[in-house]
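Each remark here refers to the structure printed beneath this line.
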Amino acid sequence: MKDKQIYAVVDLETTGTDPMVDRIIQFGCVLIQEGVIISRFATDINPNQAISKQIQQLTGISNSRVQKAPYFEDVALTIYNLLADTVFVAHNIYFDYSFLTQELFRCGTPKLKIPGIDTVELAQIFLPTEKSFRLGDLSESLGLIHDNPHQADSDAQVTAELLLLIEAKMRRLPLITMEMIDQLSQQTGMDTSTYIHHIYKEMKTDIQPLANEQHVVSGIALRKKVVPLYEEKLYGKPIFPQKKKTKEKVFADKIGYRSEQSRMMNLVYEHFTNDENKNLFIEAATGTGKTLGYLFPLSYLATPENPVIISTVSIVLQNQLIEKDIPLANRICPKPLHATIIKSHRHYIDLQRFKATLKNPVPQKQYALYQMGVLVWLVETDTGDLDELQLTNFNHVFWRDVAHRGIDFLSDQDSLYQEDFVRFLYKKVRQSNVLIVNHAFLSQETLREVPLLPKSSYLIIDEAHHLPDIAGKIANRQFNYVSFKKQATLYLEDDQLFDQINQIFESDSQEQRLVRIYSKALNDLVEEFSDFFYEINQLFTNDKQQITDAVLLTKPLFDQLSLNGENSIQKIEILLTEMQEIQNRLQQSILNQLEKYTTTERITFVSLLQFFERIKTIYSCFDIYVNEWHPHWIKEYTHIPQGYGLLAINDLEASILPETTWYDRYQRILYTGGTLKFGNDKKYLPNKLGLTDVLFKTLPDPYDYEQNARLYIPKKAIAISQANTAEFSAYIASVIQELSQQDRSMLVLFTSHEILTSVYYRLHPQFLNESRELLAQGISGSREKILKRFAHSKNSVLLGADSFWEGVDLPGEALSLLIVTRLPFENPKRPFVKARYDYLEEKGVNPFTHEALPKAALRLRQALGRLIRSDGDKGALVVLDRRLVTAKYGKRMLKALPKNLPVKEESLREITMELKEFLNK
1 MKDKQIYAVV DLETTGTDPM VDRIIQFGCV LIQEGVIISR FATDINPNQA ISKQIQQLTG
61 ISNSRVQKAP YFEDVALTIY NLLADTVFVA HNIYFDYSFL TQELFRCGTP KLKIPGIDTV
121 ELAQIFLPTE KSFRLGDLSE SLGLIHDNPH QADSDAQVTA ELLLLIEAKM RRLPLITMEM
181 IDQLSQQTGM DTSTYIHHIY KEMKTDIQPL ANEQHVVSGI ALRKKVVPLY EEKLYGKPIF
241 PQKKKTKEKV FADKIGYRSE QSRMMNLVYE HFTNDENKNL FIEAATGTGK TLGYLFPLSY
301 LATPENPVII STVSIVLQNQ LIEKDIPLAN RICPKPLHAT IIKSHRHYID LQRFKATLKN
361 PVPQKQYALY QMGVLVWLVE TDTGDLDELQ LTNFNHVFWR DVAHRGIDFL SDQDSLYQED
421 FVRFLYKKVR QSNVLIVNHA FLSQETLREV PLLPKSSYLI IDEAHHLPDI AGKIANRQFN
481 YVSFKKQATL YLEDDQLFDQ INQIFESDSQ EQRLVRIYSK ALNDLVEEFS DFFYEINQLF
541 TNDKQQITDA VLLTKPLFDQ LSLNGENSIQ KIEILLTEMQ EIQNRLQQSI LNQLEKYTTT
601 ERITFVSLLQ FFERIKTIYS CFDIYVNEWH PHWIKEYTHI PQGYGLLAIN DLEASILPET
661 TWYDRYQRIL YTGGTLKFGN DKKYLPNKLG LTDVLFKTLP DPYDYEQNAR LYIPKKAIAI
721 SQANTAEFSA YIASVIQELS QQDRSMLVLF TSHEILTSVY YRLHPQFLNE SRELLAQGIS
781 GSREKILKRF AHSKNSVLLG ADSFWEGVDL PGEALSLLIV TRLPFENPKR PFVKARYDYL
841 EEKGVNPFTH EALPKAALRL RQALGRLIRS DGDKGALVVL DRRLVTAKYG KRMLKALPKN
901 LPVKEESLRE ITMELKEFLN K
């Protein structure tokens, strides 16, 4: 690329994706030279074929609009000459470049041979913390004005601005970072690498000093890290304000006084200072201000020596505490809240392991893109928390190569040791009086040999109603034989893991002998498991219908296992015991001599020790599976197509807190959330957590449901229990069509993905004709993407299941109409659910009354919580399941909803008319 190079930023809109059949309907181009937009060119094009409804809806370009536009044959030469001697730039260049080349060739011009660069790849490298690399999402996130998404002129303009923004960022990066990216960029597509090299070469002619907040360690540019020291006034101990006047004095004009929030503050302070009860439950509805309700009183008590531990349900809520709630609290708290989010070490990047990947680059495009993105991110991050990269998963081999394995495996001789992010996290923890975790992390404390959380007088479990289910999921253990066999077979091959370990132990004959014995035992173990699964399969051969689904393994069924099966079990147990003994000896040997090994050798050891952990988990899982028959162990078997199986174990007592190792480490615990009780039954959640002696307080709901909410049940609804899937889907679709006349956004909640999908495909053609957006979970993209599109549209319909029942925050106009298609009961025929109900029955507990009904009622109440999230919200809930008013248990479910919520039974036509008046009032 030459000096004063002109970049042609191009975007096409087409009738489809196949250049042999489809045609261009719009061409947009923006020319850039020396960092400035110098010219624009855009034209509609008559494709001489019909534009589908879907493309019209996407682009806003209609058949009538292109009727008077030139054919591509008329403008082909103009476009070819416009692009001559330029560098072609596009967002996902592989589509635009090849489609345009094909069209130009069809119209008689030579094929394009100009260089091309891809802004998608550039964004992945230089904007590594973006949630999405779609053009619309990037423009919104970066504040680029994008008036007409999916129109070529607007898309080309935004892509041009994106290129200029990325180039400016490249020039601000440390030269050493750009040097490494230049070397790694050979894996990028088309001429993106040449462009990166061009910028790097220009930067070398005018070398800029490092920014004050950056430094270079072991050849990698990093952001400097500073541990903020905990500071408080040493004179005068602040006294917690109990009364309204003293609180108002402390709050000053910074926040308003709210009576229910004030009451919660007093309850929390009293509990953690004087209360005799260990466990306090406070049900505080959305809008009470419960987070400040516990943060403010704890600021008078928590210190780095005795910090408050806050456990919440998700990473989103953890971040909300750090970014929003704690800064707000610190405006009024007399003692500062210093908060740190704690995650397990695998959430962080290991700088020593990352450096090893740079020394031995993998010649693979995605691997290199991740490496380059991380190099840019390391200049920006001071946490090293991989969640900052906002990836949907970390399954790629690169993340396995660089994820942290714990500080025991760091070399303290390496200069990056002082920069290690997990060591930095522990330093921050020592200076923090608030430690934030999620329920999964807290539940995993039971599985850890050494706890990661300190003992404390104060533990707060926010969104506590999620804890039983999450504790159950954490306790779930699985053994997938196919994946284990694949890994074991690979590691036993020549030049793979066990060969590599043997080479490292070249001078240690004793260790080499242990590795040989271990490898032989592993090979035997794979064979024995194959025999074992064959015998287990025989137990289910009559159950042809269910063989591909999970089936329960009961003691009577297991007792029918053949003699061969029992022999396999004995051999497997002997092999696993022997292997664990060898693992312990090898692990001890490695740790005793860790300093003598190189970084690359340590990385190999990490793979070995990870495999050791897997064997340990398999042993524990297998031992319970074949030997433990207490009713609280639920064992499932799934036959998989390769002929083997998947073993799964669930512990029904995992949520019994007094049985956990962490429960006794906390002097007082507060459980809070919006839905902790079932109607007037305050014992439901404490019982699920195995707690008997608790104090339970309920704060009144601050919202006026009588004025702002309605619950409707259609009079002539379908009889759900008698309808088949097709009939039920058709009925739901007809209700949505009727209610969609409101011209408002609507959320429709399902309990079945099958019915959701069926309803989507029934409605899709009509919505396409009306140019109205229909979104569906599992069809329209990720949950986050669907919610964003839903929030930004005026009258779209969203079909959701599972996670959409709660945790969806769409205040105001974004959501005012919610349809519940069926009461959210669990499917009692699912093996795990059935086993849980049987277990409760054995204990003398009615599973419907004490488990199924409360769970469904709380879910319904959480669904209602999607509608009314603030004082100004107004909304209606339509429940299509008439069992809410006809079944005996319906009254109990209605009682679990807010007392002053108006409940109306009317015909669908009357509901539609009333909604129009109510929502527009």
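Just so you know, my numbering puts 668 at position 668 of the sequence shown, and the rest follows in order with no gaps.
Glycine is no exception: its CB is placed at the ideal position from the N, C-alpha and C atoms.
Under the DSSP assignment, T638 falls outside any alpha helix (DSSP H), being part of the beta strand (DSSP E) whose first and last residues are 633-639. Between the segment 520-533 and the segment 475-491 there are three or more inter-stretch CB-CB distances shorter than 8 Å, so the stretches are counted as touching. With a cutoff of 9 Å on beta-carbon distance, A368 and V362 are scored as near each other.
Distance between P128 and D11, taken at the CA atoms: about 23 Å. Take the alpha-carbon of N476 and the one of I624: they are about 12 Å apart. Going by C-alpha positions, I176 is about 10 Å away from L375.
Under the three-pair Cβ rule at 8 Å, the segment 757-776 does not count as touching the segment 711-718.
Between the beta-carbon of F441 and that of I572 there is about 32 Å, and that puts the pair past the 8 Å contact cut. Taken through DSSP and simplified to helix, strand or coil, T78 comes out as helix.
Excluding residues up to 5 positions away in sequence, P631, H632, L652 lie with their Cβ nearer than 7 Å to the Cβ of Y839 in the same chain. In the DSSP assignment, K616 falls within the alpha helix (DSSP H) that extends over 599-627.
S729 and V748 do not touch by the CB rule: their CB atoms are close to 12 Å apart, not below 8 Å.
In this structure L229 is exposed. Its beta-carbon is surrounded by fewer than 16 other beta-carbon atoms within 10 angstroms. If you ignore the 5 residues before and after Q187, its C-beta comes within less than 6 Å of the C-beta of K365, A368, all in its own chain and listed in chain order.
Counting C-beta atoms within 10 angstroms of its own C-beta, N920 has fewer than 16 neighbours from the protein chains shown and is therefore classed as exposed.
Contact between V820 and L877 holds, with the beta-carbon distance rounding to 7 Å and staying under 8 Å. With contact defined as three or more Cβ pairs closer than 8 Å, the segment 116-133 and the segment 86-93 are in contact. DSSP places D469 inside the alpha helix (DSSP H), whose first and last residues are 467-475. If you look at K359, you'll find it in the alpha helix (DSSP H) that goes 351-359. The segment 163-178 makes no contact with the segment 97-116: fewer than 3 CB pairs, one atom from each, lie closer than 8 Å. Within the segment 144-176, the complete alpha helix (DSSP H) segments at least 4 residues long are 152-172, listed from N- to C-terminus. With respect to the 9 Å criterion, I79 and I38 are not classified as neighbours on the basis of their beta carbons. Unbroken beta strand (DSSP E) stretches of 3 residues or longer found wholly inside the segment 10-85: 24-33, 36-44, given in chain order.
Sequence-distant Cβ neighbours of H197 in its own chain, meaning closer than 6 Å and more than five residues away, are D182.
The C-beta distance from Q583 to F622 rounds to 15 Å, too long to fall under 8 Å, and the pair is not in contact. The beta-carbon distance between I315 and D387, rounded to whole angstroms, is 6 Å. This is short enough to meet the 8 Å contact definition.
Closest in C-alpha terms to L497, from the list E601, M203, K555, comes E601. One alpha carbon belongs to L894, the other to A801, and they sit about 21 Å apart. Taking a cut-off of 8 Å on C-beta distances, the segment 270-282 touches the segment 666-684, as three or more cross pairs fall below it. Residue environment for N395: exposed (fewer than 16 other C-beta atoms within 10 angstroms of its C-beta). E283 is a Cβ neighbour of F696, given a cutoff of 9 Å. Here the segment 10-27 lies against the segment 145-152, with 3 or more beta-carbon pairs under 8 Å apart. Excluding its 5 nearest sequence neighbours in each direction, K247 has C-beta neighbours in its own chain below 7 Å: P241, Y257, S262, listed in chain order. The beta carbon of K290 is closer than 7 Å to those of M264, A284, T672 in its chain, skipping five residues each way along the sequence.
R331 and A403 do not touch by the CB rule: their CB atoms are close to 37 Å apart, not below 8 Å. Straight across, the Cα-Cα distance linking L514 with F832 is about 41 Å.
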